[in-house]
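131 is the number of the first residue of the sequence shown in the numbering used here; add one for each residue after it.
Scroll down for the structure; my scribbles are underneath it.
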Amino acid sequence: MEIPTNKRQDSDCPIRNICYSSFACSPDNMLRGLAPAGLEYYKKGEMIFYGEDPEQAVLIMQSGIGVAFNFQTNGEVMIIGIVGPGIMIGEVEALFHIKYPYVVKALTSVTVCKLYGPHLVQLVKENMSCLSQVVAAIENNDHSLGRQLWIMNAQRVQERLRRAIVIMANFRAFSGEDMTLPLTHDDFALVVNTDRPTVSRCLKRLEDEGFIQLGYQSITVSGNVRLNDIDMNFRILPAGGNRSLLVDT
Numbered sequence: 131m132e133i134p135t136n137k138r139q140d141s142d143c144p145i146r147n148i149c150y151s152s153f154a155c156s157p158d159n160m161l162r163g164l165a166p167a168g169l170e171y172y173k174k175g176e177m178i179f180y181g182e183d184p185e186q187a188v189l190i191m192q193s194g195i196g197v198a199f200n201f202q203t204n205g206e207v208m209i210i211g212i213v214g215p216g217i218m219i220g221e222v223e224a225l226f227h228i229k230y231p232y233v234v235k236a237l238t239s240v241t242v243c244k245l246y247g248p249h250l251v252q253l254v255k256e257n258m259s260c261l262s263q264v265v266a267a268i269e270n271n272d273h274s275l276g277r278q279l280w281i282m283n284a285q286r287v288q289e290r291l292r293r294a295i296v297i298m299a300n301f302r303a304f305s306g307e308d309m310t311l312p313l314t315h316d317d318f319a320l321v322v323n324t325d326r327p328t329v330s331r332c333l334k335r336l337e338d339e340g341f342i343q344l345g346y347q348s349i350t351v352s353g354n355v356r357l358n359d360i361d362m363n364f365r366i367l368p369a370g371g372n373r374s375l376l377v378d379t
């Protein structure tokens, strides 16, 4: 198969050896040619994945936060979940013959590592040690829906927002210091399925609690927030670690 060209593809991946796709990017891997990888960059608001890809590419998120959703027959948007570093999206059908009819939108600036599905399948066949890494990335994708159900299981919008912020902080590898998330009130309204005025009121209450600080088209998560482990069914595997966090409410 001829490898599709991409104007945004980098010849050298600066995050090799620390990401899930390191097995494909490593220069000393003799199988590297089977699954060439390149970085792609998306601005806030851009669509990362449209539900299908003529190149049958899989995308492994390296940085940033996105939201996966699909459209119901009545035109309504159904949020599938928040996605971030370590999650594999795209044509996973090429790997397991499973079709996921969703689209992914960038909520922040996003970097993904692009692999070509048919080549990745061949790579896994040639080197079974790669399989666990691929499965881990896809498994974390499956947990996106579980995390979204956890968000929406809260009756109060304020608690939904708190949980959504916790998940996003996980993806940004929250380290106990103030962390700024470049998200607008409209972004949060999309994630928690409500209107902007309601989100604005609830975010103000979270600010009054000292949980966040509101900024211009952003919020800052307070470094004083205490975080505990969350149920492993909703585990989050950010790049560079495997912590799973939950606000102690």
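Beta carbons: idealized from backbone N, C-alpha and C, even for Gly.
task: Rounded to whole angstroms, what's the CA-CA distance from N200 to Q278? Just pull it up for me.
output: Rounded to whole angstroms, N200 to Q278 spans 14 Å at the Cα level.
message: Among G194, V242, N323, I212, whose alpha-carbon lies nearest the alpha-carbon of A107?
response: Lying before the first or after the last residue shown, residue 107 is absent from the chain, which here runs from 131 to 379.
task: Tell me, please, whether the stretch 309-322 touches the stretch 234-248 by the rule of three or more beta-carbon pairs shorter than 8 Å.
output: With the rule of 3 Cβ pairs closer than 8 Å, the stretch 309-322 counts as touching the stretch 234-248.
task: In the DSSP assignment, find the unbroken beta strand (DSSP E) run with M208 in it and report its ends.
output: Element bounds for M208: 207-213.
message: Considering Cα atoms alone, identify which of Y246, V321, V251, G220 is closest to W280.
response: For W280, the closest C-alpha among the options Y246, V321, V251, G220 is that of V321.
message: Between G340, R335, S330, which has its C-alpha nearest Y346's C-alpha?
response: Each of G340, R335, S330 was checked against the Cα of Y346, and the nearest Cα belongs to S330.
- request: May I have the straight-line CA-CA distance separating K244 from L275, to the nearest angstrom?
  value: Cα atoms of K244 and L275: separation of roughly 23 Å, rounded to the nearest angstrom.
message: For a test of the three-state rule: what should DSSP assign to L164, helix, strand or coil?
response: With a pLDDT of 49 at L164, under the threshold of 50, the modelled position of this residue cannot be trusted, and the question is left open.
- prompt: For Q192, which three-state DSSP category applies?
  reply: Secondary structure of Q192 (DSSP, three-state): strand.
field: N- and C-terminal bounds of the beta strand (DSSP E) containing K235
entry: Where K235 is concerned, the enclosing beta strand (DSSP E) stretches over 233-236.
- prompt: Are the Cβ atoms of I297 and F341 separated by less than 9 Å?
  reply: No, they are not a contact pair.
Spatial distance of G194 from E256 (CA atoms): Put simply, the backbone Cα of G194 is about 32 Å away from that of E256.
- prompt: Shortest alpha-carbon distance to S348 belongs to which of R335, D338, D316?
  reply: Of the candidates R335, D338, D316, the one whose C-alpha sits nearest the C-alpha of S348 is D316.
field: Element boundaries [beta strand (DSSP E), containing F301]
entry: That residue, F301, is in no beta strand (DSSP E); its alpha helix (DSSP H) goes 287-301.
query: If you follow the alpha helix (DSSP H) that L336 is part of, which residue opens it and which one closes it?
result: First-last of the alpha helix (DSSP H) with L336: 326-338.
message: Suppose contacts are defined by Cβ-Cβ distances below 9 Å. Is A198 in contact with V213 by that definition?
response: In this structure, V213 lies closer than 9 Å to A198 by Cβ.
message: On a Cα-Cα basis, can you pick out the residue from I209, M208, Q192 that is closest to I217?
response: In terms of CA proximity to I217, Q192 leads the group I209, M208, Q192.
- request: Please look up how many angstroms separate the CB atoms of L336 and Q288, rounded, as I've assumed it's under 8 Å.
  value: L336 to Q288, Cβ: 7 Å. Contact.
query: For I178 versus I210, is the C-beta spacing smaller than 9 Å?
result: Between I178 and I210, the C-beta spacing is not below 9 Å.
field: For N200, the residue or residues it bridges with in DSSP
entry: According to DSSP, residue pairing for N200 in a beta bridge involves M208.
message: Among the candidates F301, V234, L291, whose CA atom is the shortest distance from the CA of K174?
response: Taking K174 as reference, the option from F301, V234, L291 with the minimal CA-CA separation is V234.
- prompt: With a Cβ-Cβ cutoff of 9 Å, do F318 and P215 count as a contact?
  reply: In this structure, F318 keeps its C-beta atom at 9 Å or more from the C-beta atom of P215.
- request: Mind checking which residues open and close the alpha helix (DSSP H) that includes F318?
  value: Per DSSP, F318 is one residue of the alpha helix (DSSP H) stretching across 315-322.
query: Start and end of the beta strand (DSSP E) containing Q343?
result: 342-345 is the span of the beta strand (DSSP E), which, as asked, contains Q343.
query: My guess is that E170 and V242 are in contact by the Cβ rule of under 8 Å, so how many angstroms apart are they, rounded?
result: The pair is a contact, with the Cβ atoms about 5 Å apart (cut-off 8 Å).
- prompt: For I281, which of helix, strand or coil comes out of DSSP?
  reply: Looking at I281 - three-state DSSP - the assignment turns out to be helix.
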